[in-house]
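Chemist: Residue numbers (this note's numbering): 54 to 233.
Just so you know, even glycine gets a beta-carbon here, dropped at the ideal spot from N, CA and C.
(1) Please report the straight-line C-alpha distance between residue 160 and residue 169, rounded to a whole angstrom.
(2) Enumerate, from N- to C-terminal direction, the unbroken alpha helix (DSSP H) stretches of 4 or more residues contained entirely within the region 187-220.
(3) Would you say the region 98-110 touches the region 132-141, given that touching needs at least three Cβ pairs under 8 Å?
(4) Out of 127, 230, 143, which has the shortest C-alpha to C-alpha gap to residue 177?
(5) For residue 230, tell me which candidate among 104, 84, 94 has the shortest Cα-Cα distance.
(6) Using C-beta distances below 8 Å, list every residue in its chain close to residue 173, excluding the 5 sequence neighbours before and after it, in chain order.
(7) Can you tell me the Cα-Cα spacing of residue 211 and residue 89, whole angstroms?
(8) Using a threshold of 8 Å, state whether the C-beta atoms of residue 96 and residue 126 are closer than that.
(9) What is the rounded straight-line gap between the Cα of residue 79 and the Cα of residue 209?
(10) Anyone know if the C-beta pair for residue 224 and residue 129 falls short of 8 Å?
(11) Should residue 94 be listed as close to the ligand MG, given that the test is whether its C-beta is under 7 Å from any heavy atom?
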């Protein structure tokens with residue numbers, strides 16, 4: 054296994070791979086071809102370096118089911134970063150409402166800053182969950198509109214790989230637990 058040194062750099066993966074959850078390791082050892090083992094290890098390294106707590110589960114489904122897990126992870130991470138950025142969201146909201154800072158300060162005086170910030174990081178997650186559903190389903194009115202769209206993976210040259218990115222809702226609710 055040529056990548057073992059790189060795998061060791063991700064201490065969480067290393068401890069899981071050699072001492073942890075056998076659910077994803079034992080089937081790999083017995084059923085993966087050499088090419089699949091290499092792809093699995095490469096995926097684990099990329100996911101681990103991107104901040105996934107348990108990269109083996111994501112890599113396993115990529116190798117066995119062809120799911121574009123790294124793309125799914127990057128999308129979900131970006132969406133969660135938006136939700137967690139209350140200050141940035143308030144700043145952006147001023148483009149739509151000139152009085153948003155005044156309203157923020159009024160609410161802060163009533164409920165306190167900690168409680169308001171807690172709300173302002175929870176509420177966007179509900180909105181983003183609805184956006185995730187839209188991204189997963191694509192156009193709902195394709196027949197009526199005579200056009201459709203879906204989320205697709207592209208390569209480094211911005212060419213479509215033909216691989217759809219779906220199932221974001223499956224990981225969204227527990228996503229915060231998936232990130233280091």
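Modeler: Result, derived from the coordinates:
(1) 7 Å
(2) 195-198
(3) Touching, no, given that fewer than three Cβ pairs across the two stretches are closer than 8 Å.
(4) Taking the Cα of residue 177 as reference, the smallest distance to any Cα among 127, 230, 143 is reached at 143.
(5) 104
(6) Correct list, in chain order: 139, 142, 143.
(7) 25 Å
(8) no
(9) The pLDDT assigned to residue 79 is 49, lower than 50, so where the model puts this residue is not dependable; a value taken from the coordinates is nonetheless given after this. C-alpha separation (whole angstroms): 33 Å.
(10) yes
(11) Questions concerning the ligand MG fall outside what the structure shown contains, since it holds no ligand whatsoever.
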